[in-house]
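Read the structure below first, then the notes.
Chains as they are written, first to last, in the numbering used here: chain A, 1 to 175; chain B, 176 to 321.
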């Protein structure tokens with residue numbers, strides 16, 4: 001068989017056909033599971049690269065500005081049992097590791113102590129942050145970055161693989 | 176004495192060894208490039224197919240959370256997977272490499288428009304160069320010719 005000047009033999013055609021079918025099956029698997037990825041992607045309607053001005057996440061003890069959504073979340077499964085656990089990076093409490101800071105590229109995560117808990121807000125750099133959400137004391141904040149390969153300098157080209165996860169003290173997911 | 180002479184007969188002069196190494200490199204380097212490009216495309220194609228939601232952020236002009244973005248990622252992943260196998264097996268190599276080069280050119284242009292010329296973009300420029308090289312490569316080793 002000749003395609004655009006290239007000769008494709010029967011074995012080659014069969015190989016490509018099998019690959020095409022396998023790709024279709026994988027695609028069906030991906031389509032049905034497309035909502036079972038990260039908990040709540042930070043992408044929103046974003047399709048452009050998120051970029052600086054650069055400043056790292058700002059966990060602190062000062063009161064945050066703006067409204068805070070009170071939440072009495074019901075604990076879900078443990079973060080450690082999720083497929084994305086291996087690329088979840090702790091940003092609160094404590095000082096974020098180098099990997100966590102790299103995962104935050106293009107994003108802003110703010111954590112402030114407030115009353116009996118913390119107020120957490122996360123969004124895309126250079127854009128307005130959504131209202132902070134309140135979590136009880138003991139909550140831990142993680143940033144999820146499935147692939148660091150989409151980060152360049154202070155830009156994150158693909159926000160589809162970024163998410164924010166908040167757990168309670170036992171590691172059960174609150175958000 | 177006999178053994179020493181036998182060893183001396185099989186040893187090649189350094190110039191011939193160097194020429195042989197160069198010859199082997201010339202024969203197999205395009206194959207290595209082909210396999211490595213195929214692996215890159217296969218990796219991305221597979222992951223776009225099984226986890227499209229992680230890649231929708233790259234789709235230009237479409238909301239990352241939309242079903243259209245996921246469908247476009249799946250179509251892109253399928254094309255990448257088929258191209259990867261064609262390039263790995265050497266089936267319609269020049270055509271597959273040309274299509275891969277066009278896809279990579281589109282990726283480079285999109286990344287440049289959305290994020291500027293960065294290390295990430297230039298990395299893809301290198302892969303684009305490899306794909307372009309394969310569009311003009313002479314007959315290769317280890318191909319599925321039938």
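Beta carbons are placed, not taken as given, at the ideal position from N, Cα and C, and that holds for glycine.
Please state whether the Cβ-Cβ distance between residue i and residue j is less than 8 Å.
{"i": "residue 249 of chain B", "j": "residue 224 of chain B", "result": "yes"}
{"i": "residue 135 of chain A", "j": "residue 174 of chain A", "result": "yes"}
{"i": "residue 274 of chain B", "j": "residue 300 of chain B", "result": "no"}
{"i": "residue 24 of chain A", "j": "residue 266 of chain B", "result": "no"}
{"i": "residue 212 of chain B", "j": "residue 262 of chain B", "result": "yes"}
{"i": "residue 122 of chain A", "j": "residue 79 of chain A", "result": "no"}
{"i": "residue 162 of chain A", "j": "residue 144 of chain A", "result": "yes"}
{"i": "residue 260 of chain B", "j": "residue 19 of chain A", "result": "yes"}
Starting from the beta carbon of residue i, find every residue of chain A whose beta carbon is closer than 8 Å, and list them in chain order.
{"i": "residue 202 of chain B", "result": "Those within 8 Å of residue 202 of chain B in chain A number zero; the least Cβ separation is about 21 Å."}
{"i": "residue 315 of chain B", "result": "Ordered by position in chain A, no residue passes the 8 Å Cβ test against residue 315 of chain B, which lies about 13 Å from the chain."}
{"i": "residue 249 of chain B", "result": "27, 30, 31"}
Under DSSP, the alpha helix (DSSP H) around residue i begins and ends at which residues?
{"i": "residue 92 of chain A", "result": "Where residue 92 of chain A is concerned, there is no enclosing alpha helix (DSSP H), although the beta strand (DSSP E) it sits in stretches over 88-92."}
{"i": "residue 207 of chain B", "result": "189-225"}
{"i": "residue 269 of chain B", "result": "268-290"}
{"i": "residue 310 of chain B", "result": "294-310"}
Quick one: which chain A residues come within Cβ less than 7 Å of residue i?
{"i": "residue 342 of chain B", "result": "Residue 342 of chain B falls outside the range modelled here, since chain B spans only 176 to 321, and no answer is possible."}
Along chain B, in chain order, which residues have C-beta atoms closer than 8 Å to that of residue i?
{"i": "residue 3 of chain A", "result": "267, 270"}
Can you pull the chain D neighbours of residue i, defined as C-beta to C-beta under 7 Å?
{"i": "residue 264 of chain B", "result": "Given the protein chain composition of this structure (A and B), no chain D is represented."}
Please name the residue, chosen from the options, that lies closest to residue i on a Cα-to-Cα basis.
{"i": "residue 130 of chain A", "options": "A:75, A:20, A:108", "result": "A:108"}
{"i": "residue 118 of chain A", "options": "A:88, A:137, A:106, A:76", "result": "A:137"}
{"i": "residue 306 of chain B", "options": "B:296, B:209, B:230", "result": "B:209"}
{"i": "residue 315 of chain B", "options": "B:245, B:192, B:264", "result": "B:264"}
{"i": "residue 308 of chain B", "options": "B:244, B:242, B:271", "result": "B:271"}
{"i": "residue 104 of chain A", "options": "A:1, A:92, A:115, A:114", "result": "A:92"}
{"i": "residue 26 of chain A", "options": "B:281, B:252, B:200, B:295", "result": "B:252"}
Would you kindly report the start and end of the unbroken beta strand (DSSP E) that includes residue i?
{"i": "residue 10 of chain A", "result": "Not the beta strand (DSSP E): residue 10 of chain A falls in the alpha helix (DSSP H), residues 10-32."}
{"i": "residue 112 of chain A", "result": "107-114"}
{"i": "residue 117 of chain A", "result": "117-124"}
{"i": "residue 162 of chain A", "result": "162-167"}
{"i": "residue 132 of chain A", "result": "132-136"}
{"i": "residue 143 of chain A", "result": "140-145"}
Closer than 7 Å by beta-carbon distance: list the chain B residues that pair up with residue i, in chain order.
{"i": "residue 19 of chain A", "result": "256, 257, 260"}
Below 9 Å on C-beta distance, what does residue i contact in chain A?
{"i": "residue 252 of chain B", "result": "23, 26, 27, 30"}
For the pair the region 203-223 of chain B and the region 250-261 of chain B, tell me if three or more CB-CB distances fall below 8 Å.
yes
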